[in-house]
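Residue numbers (the numbering used here), protein chains in the order written: chain G, 2 to 476; chain F, 2 to 476.
Down below is the structure, laid out as structure tokens.
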């Protein structure tokens, strides 16, 4: 069953090497590896940060709780054009924040307690580093260190925000996605450096809450890894909502009495931007810099990710990796799927499951919302793929009409020879839900024609946008 | 390629029999039968009401435009629990109504003009009645009558609201869905007789606009044709929003100074309900009572629907029927699909396409929203089908959390032997969009397990409700 006594024996003692059947570094998706298959075995769970990982504590979950409140505020502000006279008097930031973290923090705390006191696991609270083959030394948060070995090790250590040198070296106070959601008061003017998904989600939240928002991005477009047509449309809409400065580099920063001053440079010259709070959202990198990968015999990709094979094995025998520390997709649904495969593989060495390779969708919960799966049109061109594309406006369907929508689109790309979808890119309300039938079509090899006409689409539900996009493709 | 001269010749003249290749009775889904296949042929289009039919003029389209404005108002009223302080000062009814009908009415008018003046068709404005085999006499709206014959006739005459005798004979003023959306001013207290989908959609609209709403229903539950668990949950939520009187019969009505007084009877005895406006929403019946079906040799079902075979043929050779006049489903997406099949069949007598029989989904855009496809649990029991069911709460998924949802559900029913879905019933925000992957699974024979795990579901999109419901089924 469990080493219910073992765990106390292991905690807080130093200088002793203990051996486990399984050691897991990180309690995000890694936490789900403690399956019934390990009943009666010894499992070490190592967490140097907050139990539950990025998604629960500083990622998907809290951001979407803020985003939903932002949607409510934005909808109320926009009510007049539907004939509804409404006034938003204000947003109680502290109430929003407390409601969210008073739900989340107890879950993280409960997860930690369960791994410390519960059956079957030994918790190590501290930073883990490989010091040999399947040997880890944990620098305990409350002092001292512990060394442990394990038959198998899973690296599920996640990633962390990148802070550019120019910011870090300037000494100005700044936030990242790790801290911005817990501030005490709404700023008057938030400056966001970075035009990726975190930047534009946070811009949406704070702007909807009445904050003036500036977004500074190096590239010519926001969310520029997306299909260019979508990125261009999004950027145009962003400019109507926020002070957006694309093609702009931050050359210096300094602290001011009230906040921060950024010195910027774009093709027209240099300028200055002042705000009272700074959010750095310039990407995330895997937590491998201080992982002792050389000692552990673990090969990294050039971008710092742990290299894994198709079943999740690293270059070190008995060592696996999953999630943001190794995946090219920093996405919770990918980490979870990889965890399911590896949970199986840990105990079925003769029947290894591949990490999932279905088309990987992603969502950006900004305003507008974006969802994407498969290839962009630029990727189709680069690869020399024959393709057709079609852009369906929400506003040309019944429910889009009802929403008085004039900007939202569903762009589809298909292979005219096979009739199969190559990519789908939606921008507008509920994009992350609307895209699911398209993910399903791509995952199961269903043709555009079959998906459009082989099933009913409820009239006049918003899903008709997708139906009409499929019908618009000339395949 | 059209009889550009023919149409003028046919309009407004009386006492003459004209012959057509095709005659279409009704311009809802029937309007789409004028395909390029009929270029150079003679097509008669007959409309006794408003061009465009129920969906465009008094059904799906305007109701959902009102519903969306209602959602905006309801969301703003409910904003405080998300930390957003908002006040709804009022709803400008006339502005809402005008915005909607100023979009719709020109479309209906343009459609009519196109059929009158445009190429390829001859429009007859008036009520059509069979007076022989493929022979129709049209009582023209502007006086006189015309008789025409056709090689093929399609009956797409739709349906109309049923008004119970007790209401009609009382002489009190009342509205149906045909008229309620065009009233001049919001009432203070709207009484709705009927607890079906029209009743609960209109209850949602008017209640969200600040009107006091009473709903009187004969059955023990509202929307009682649905899965009983969904109907019961819906009825409970309806009682929190509206004055709901189930198990109640209207025994008499009388006009009052300000409106109408209803005498009601339920198992506890009799009572009186007064309101200043009455909406009768007790169902719709096919427009066959005055269609001359005997003269046309057209068999009806006992419920008044035109009987058709699997390819849409009536009992009269050369006469077809589609949509609400013949279908057991009074749904626009069904009528459209039938129209596509019949458009093909009219010109391919040796390659007849069956009317579609995929699982037929339906949506109710009330508060909460409902979507349903396949069998209810009661139908599974009646048919003696082995089945398992699972109810997933929105609130137990990440986005449902963000929405602070405590009442919404996705109920799935599956065959444990095959792993195939038998039915899906959703109640909550965006139900009509969320259900699409389940319709897709049922239409293409995909198993619960495959649909759940053979594709990615974006975390933390609301579609995870569906993913988790699938995973919750013990198949």
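Glycine included, C-beta positions come from ideal geometry on N, C-alpha and C.
Short check: CB of residue i to CB of residue j, under 8 Å?
{"i": "residue 347 of chain F", "j": "residue 137 of chain F", "result": "no"}
{"i": "residue 204 of chain F", "j": "residue 216 of chain F", "result": "yes"}
{"i": "residue 159 of chain F", "j": "residue 293 of chain F", "result": "no"}
{"i": "residue 440 of chain F", "j": "residue 456 of chain G", "result": "yes"}
{"i": "residue 186 of chain G", "j": "residue 94 of chain G", "result": "yes"}
{"i": "residue 400 of chain G", "j": "residue 404 of chain F", "result": "no"}
{"i": "residue 229 of chain G", "j": "residue 40 of chain G", "result": "no"}
{"i": "residue 360 of chain G", "j": "residue 444 of chain G", "result": "yes"}
{"i": "residue 298 of chain G", "j": "residue 287 of chain G", "result": "no"}
{"i": "residue 478 of chain F", "j": "residue 283 of chain F", "result": "Lying before the first or after the last residue shown, residue 478 of chain F is absent from chain F, which here runs from 2 to 476."}
{"i": "residue 208 of chain F", "j": "residue 201 of chain F", "result": "no"}
{"i": "residue 151 of chain F", "j": "residue 24 of chain F", "result": "yes"}
{"i": "residue 277 of chain G", "j": "residue 221 of chain G", "result": "no"}
{"i": "residue 485 of chain G", "j": "residue 416 of chain G", "result": "There is no way to answer for residue 485 of chain G, as the model of chain G reaches only from 2 to 476."}
{"i": "residue 333 of chain G", "j": "residue 56 of chain G", "result": "yes"}
{"i": "residue 44 of chain F", "j": "residue 22 of chain F", "result": "yes"}
{"i": "residue 245 of chain G", "j": "residue 232 of chain G", "result": "no"}
{"i": "residue 312 of chain F", "j": "residue 354 of chain F", "result": "yes"}
{"i": "residue 409 of chain G", "j": "residue 369 of chain G", "result": "yes"}
{"i": "residue 280 of chain F", "j": "residue 181 of chain F", "result": "yes"}
{"i": "residue 171 of chain G", "j": "residue 199 of chain G", "result": "no"}
From this set, the options, which residue's C-alpha is nearest residue i's C-alpha?
{"i": "residue 167 of chain F", "options": "F/160, F/175, F/161", "result": "F/175"}
{"i": "residue 248 of chain F", "options": "F/389, F/65, F/308, F/266", "result": "F/266"}
{"i": "residue 53 of chain G", "options": "G/94, G/41, G/111", "result": "G/111"}
{"i": "residue 79 of chain G", "options": "F/82, F/87, F/81, F/83", "result": "F/87"}
{"i": "residue 48 of chain G", "options": "G/157, G/133, G/22", "result": "G/157"}
{"i": "residue 105 of chain F", "options": "F/258, F/64, F/173, F/77", "result": "F/64"}
{"i": "residue 449 of chain G", "options": "G/84, G/459, G/469", "result": "G/469"}
{"i": "residue 61 of chain G", "options": "F/467, F/389, F/472, F/461", "result": "F/461"}
{"i": "residue 103 of chain F", "options": "F/58, F/238, F/350", "result": "F/58"}
{"i": "residue 254 of chain G", "options": "G/301, G/173, G/459", "result": "G/173"}
{"i": "residue 302 of chain G", "options": "G/329, G/133, G/420", "result": "G/329"}
Mapping the DSSP letters down to three states, classify residue i as helix, strand or coil.
{"i": "residue 382 of chain F", "result": "helix"}
{"i": "residue 48 of chain F", "result": "strand"}
{"i": "residue 10 of chain F", "result": "Caution is warranted here: a pLDDT of 38 is assigned to residue 10 of chain F, below 50, making its placement in the model unreliable, and the coordinate value is therefore given only provisionally. Three-state result, residue 10 of chain F: helix."}
{"i": "residue 428 of chain G", "result": "strand"}
{"i": "residue 375 of chain F", "result": "strand"}
{"i": "residue 467 of chain G", "result": "helix"}
{"i": "residue 310 of chain G", "result": "coil"}
{"i": "residue 5 of chain F", "result": "The pLDDT assigned to residue 5 of chain F is 37, lower than 50, so where the model puts this residue is not dependable; a value taken from the coordinates is nonetheless given after this. In this structure, residue 5 of chain F counts as coil in the three-state DSSP scheme."}
{"i": "residue 342 of chain F", "result": "helix"}
{"i": "residue 235 of chain F", "result": "helix"}
{"i": "residue 366 of chain F", "result": "coil"}
{"i": "residue 254 of chain F", "result": "strand"}
{"i": "residue 94 of chain F", "result": "helix"}
{"i": "residue 301 of chain G", "result": "strand"}
{"i": "residue 321 of chain F", "result": "strand"}
{"i": "residue 331 of chain G", "result": "coil"}
{"i": "residue 213 of chain G", "result": "strand"}
Assuming residue i and residue j are in contact, meaning their beta carbons sit under 8 Å apart, how far apart are those beta carbons, in whole angstroms?
{"i": "residue 434 of chain G", "j": "residue 464 of chain F", "result": "5 Å"}
{"i": "residue 262 of chain F", "j": "residue 273 of chain F", "result": "6 Å"}
{"i": "residue 366 of chain F", "j": "residue 474 of chain F", "result": "Wrong, their Cβ atoms sit about 27 Å apart, outside the cutoff."}
{"i": "residue 285 of chain F", "j": "residue 161 of chain F", "result": "6 Å"}
{"i": "residue 363 of chain F", "j": "residue 210 of chain F", "result": "Wrong, their Cβ atoms sit about 25 Å apart, outside the cutoff."}
{"i": "residue 423 of chain G", "j": "residue 436 of chain G", "result": "The pair is not a contact, with the Cβ atoms about 14 Å apart (cut-off 8 Å)."}
{"i": "residue 76 of chain G", "j": "residue 76 of chain F", "result": "5 Å"}
{"i": "residue 125 of chain G", "j": "residue 147 of chain G", "result": "6 Å"}
{"i": "residue 357 of chain F", "j": "residue 438 of chain G", "result": "In fact, because the Cβ distance is near 17 Å, the residues do not count as touching under 8 Å."}
List in chain order: all unbroken beta strand (DSSP E) runs of 3+ residues lying wholly within the stretch 264 to 291 of chain F.
-> 270 to 276, 278 to 281, 285 to 287
Unbroken beta strand (DSSP E) runs of length 3 or more, entirely within the stretch 160 to 209 of chain F: which are they?
-> 160 to 162, 190 to 194
Counting only runs that start and end within the stretch 409 to 462 of chain G, where is the beta strand (DSSP E) found for 3 or more residues in a row?
-> 410 to 415, 422 to 428
List in chain order: all unbroken beta strand (DSSP E) runs of 3+ residues lying wholly within the stretch 13 to 90 of chain G.
-> Complete beta strand (DSSP E) runs here, min 3: 18 to 26, 44 to 48.
At what residue ranges does the stretch 111 to 148 of chain F contain a whole run of the beta strand (DSSP E), taking only runs of 3 or more?
-> 122 to 133, 136 to 141
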